[in-house]
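Numbering (our numbering), first residue to last: 215 to 467. Structure first, then comments.
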Amino acid sequence: MTHTHIALVTGGSRGLGRNMALSLAQKGLDVILTYQSKKEAAEAVVREIEAMHRKAVALPLEVAAFQTYPLFVDTLATTLREKFKSTRIDYLIHNAGMGIHAPFAETTETQFDQLMNVHLKGVFFLTQRLLPWVQDGGGIITVSTGLARFSFPGYAAYAAMKGGVETLTRYLAKELGSRKIRVNTVAPGAIETDFGGGAVRDNKELNAQIASITALGRVGRPDDIGSVVAFLCSEEARWVNAQRIEVSGGMML
């Protein structure tokens, strides 16, 4: 009997993370997803995955609360053993995030630290903590943004963190290569989700403006992203490493 691969998706209760979790399950993987506060939404995703005859569990995790990582790792170890009869995850997907839109001149130190703790420091140290639990030959996926390549006013701090994540991704690929762990970053363009207050989804003018600067003529949907993450967590992507894959329909070309 072949080993069923297990993927851990942070921030899997809604938006892109939810879609990633469902796409991974459709690919035949079992899924552990984390949520910050939306337990009911996370449990609903678990039920959807179980309906596909895959195993799934939702665990609480506050990515910016670094002091809780040891407890999270203990819980993960127990969950793997009891629910999945395993000691390792195969794929780690750093999706958890939040957006702050503020002009550079008005960005506060508190906002900067919030973004850094979730998007950069959290990714760095959660990966470090989970390294012993990632299977040799597995993979890690970070999530960046189109905004690390092109610029829209108001995203200086957010995009700076993602630029850091992209560089970190290449270093991880280099340093984990001896364990045959592939590390890639997926960079979505503008997507219709509740991210950042749902502006792209709900603001018709913004939606039309983004569509007009996108080669394929529309804004992105969560389905456009989850399937790419699922591909990267498959044997088909075994030779894709240290890459930034922008999934934006061709924004700002």
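Beta carbons: idealized from backbone N, C-alpha and C, even for Gly. Please read these numbers as outputs of a predicted model, since none were measured by experiment.
Q.
What does the alpha-carbon distance come out to for the pair Leu-290 and Trp-347?
A. Here residue 290 corresponds to residue number 76 of the sequence shown, with the count starting at 1. Here residue 347 corresponds to residue number 133 of the sequence shown, with the count starting at 1. Spanning the two alpha carbons is a distance of roughly 9 Å.
**Q.** Minimum length 3: unbroken beta strand (DSSP E) runs contained in the stretch 245 to 278
**A.** 270 to 274
Q: Grab me the residues of Met-215's own chain with a C-beta within less than 8 Å of its C-beta, minus the 5 sequence neighbours each way, in chain order.
A: Taking the sequence shown and counting its residues from 1, the one referred to as residue 215 is at position 1. In this predicted model, Met-215 has a pLDDT of only 46, less than 50, meaning its place in the structure is not dependable enough to derive any value.
Q: Report the three-state DSSP secondary structure of Tyr-369 (helix, strand or coil).
A: In the sequence shown, residue 369 corresponds to position 155, counting from 1. In this structure, Tyr-369 counts as coil in the three-state DSSP scheme.
Q: Could you tell me whether the stretch 334 to 351 touches the stretch 398 to 418, where touching means 3 or more Cβ pairs closer than 8 Å?
A: no
Q: Return helix, strand or coil for Glu-406, following the three-state DSSP convention.
A: Within the sequence shown, residue 406 is the residue found at index 192, counting from 1. Reduced to three states, the DSSP call for Glu-406 is coil.
Q. Residues in its own chain within less than 8 Å of Gln-325 by CB, not counting five upstream and five downstream?
A. Within the sequence shown, numbered from 1, the residue matching residue 325 stands at position 111. Answer for Gln-325: Ile-314, Ala-316, Ala-371, listed in chain order.
Q. Rounded to a whole number of angstroms, what is the C-alpha to C-alpha distance between Arg-393 and Lys-297?
A. Sequence index remark: in the sequence shown, residue 393 carries index 179 (1-based). Sequence index remark: in the sequence shown, residue 297 carries index 83 (1-based). Going by the C-alpha atoms only, they are around 26 Å apart.
Q. Taking the Cβ atom as the reference point for each residue, do Gly-225 and Asn-331 lie within a distance shorter than 8 Å?
A. Looking up residue 225 in the sequence shown gives position 11. Looking up residue 331 in the sequence shown gives position 117. Not in contact: Gly-225 and Asn-331 (Cβ atoms no closer than 8 Å).
Q) What are the boundary residues of the beta strand (DSSP E) that includes Gln-281? A) By one-based count along the sequence shown, residue 281 stands at place 67. Run containing Gln-281: none; DSSP gives neither H nor E here.
(Q) When you compare the stretch 218 to 236 with the stretch 418 to 430, are there three or more beta-carbon pairs, one atom per stretch, that lie closer than 8 Å? (A) no
Q) Among Arg-415, Ala-404, Phe-318, Lys-269, which has the Cα closest to the Cα of Gly-360? A) Within the sequence shown, the letter at position 146 stands for residue 360. Considering only alpha carbons, the answer is Ala-404.
Q: Grab me the residues of Val-414's own chain with a C-beta within less than 7 Å of its C-beta, minus the 5 sequence neighbours each way, in chain order.
A: The sequence position of residue 414 within the sequence shown is 200, counting from 1. Closer than 7 Å at Cβ, skipping near neighbours: Ala-404, Ile-405, Glu-406, Leu-420, Asn-421, Ile-424, Val-433.
Q: Compare the Cα-Cα distances from Asp-416 to each of Asn-398, Arg-435, Gly-431 and report the closest residue.
A: Along the sequence shown, one-based indexing puts residue 416 at 202. Per the Cα distances, Arg-435.
Q | Phe-366 versus Leu-230: straight-line alpha-carbon distance, rounded | A | If you number the sequence shown from 1, residue 366 lands on position 152. If you number the sequence shown from 1, residue 230 lands on position 16. C-alpha separation (whole angstroms): 21 Å.
Q. What residue does the beta strand (DSSP E) around Glu-460 start on, and which one ends it?
A. By one-based count along the sequence shown, residue 460 stands at place 246. Start and end: 458 to 461.
Q: Work out the CA separation of Ile-355 and Ile-307 for me, nearest whole Å.
A: Position 93 of the sequence shown, counted from the start, is the residue given in the question as residue 307. Position 141 of the sequence shown, counted from the start, is the residue given in the question as residue 355. Distance between the alpha carbons of Ile-307 and Ile-355: 5 Å.
**Q.** Rounded C-alpha distance that separates Thr-293 from Ile-246
**A.** Looking up residue 293 in the sequence shown gives position 79. Looking up residue 246 in the sequence shown gives position 32. Taking the straight line joining both Cα atoms gives about 9 Å.
Q | CA nearest to the CA of Phe-318, picked from Gly-368, Val-277, Asn-455, Glu-276 | A | The sequence position of residue 318 within the sequence shown is 104, counting from 1. For Phe-318, the nearest C-alpha among the options comes from Gly-368.
Q: Quick one: grab the DSSP three-state call for Gly-464.
A: Along the sequence shown, one-based indexing puts residue 464 at 250. In this structure, Gly-464 counts as coil in the three-state DSSP scheme.
Q.
Can you tell me whether Gly-440 is buried or exposed? The criterion is at least 16 other CB atoms within 10 Å of its CB, across all chains shown.
A. Taking the first residue of the sequence shown as 1, we reach residue 440 at position 226. It counts as buried.
Q.
Within the continuous beta strand (DSSP E) that includes Thr-356, where are the two ends?
A. Your numbering for residue 356 matches position 142 in the sequence shown. Taken as a continuous stretch (DSSP letters only), the beta strand (DSSP E) holding Thr-356 covers 348 to 357.
Q: Could you check which residue in Gln-250, Glu-262, Ser-358 has the C-alpha nearest to that of Glu-460?
A: Here residue 460 refers to the residue found at position 246 of the sequence shown. Ranking the options by Cα distance to Glu-460, first place goes to Ser-358.
Q) Would you say Met-234 and Val-443 are within 8 Å of each other, going by their C-beta atoms? A) Locating residue 234 in the sequence shown gives position 20, where the first residue counts as 1. Locating residue 443 in the sequence shown gives position 229, where the first residue counts as 1. Cβ atoms of Met-234 and Val-443: closer than 8 Å.
**Q.** Buried/exposed call for Cys-447, threshold 16 Cβ in 10 Å
**A.** The sequence position of residue 447 within the sequence shown is 233, counting from 1. Classification of Cys-447: buried, given that the 10 Å Cβ count is 16 or more.
Q.
Which residue wins for smallest C-alpha separation from Thr-381, given the options Ala-451, Thr-399, Leu-329?
A. In the sequence shown, the residue the question calls residue 381 occupies position 167. That would be Thr-399, whose Cα lies nearest to the Cα of Thr-381.
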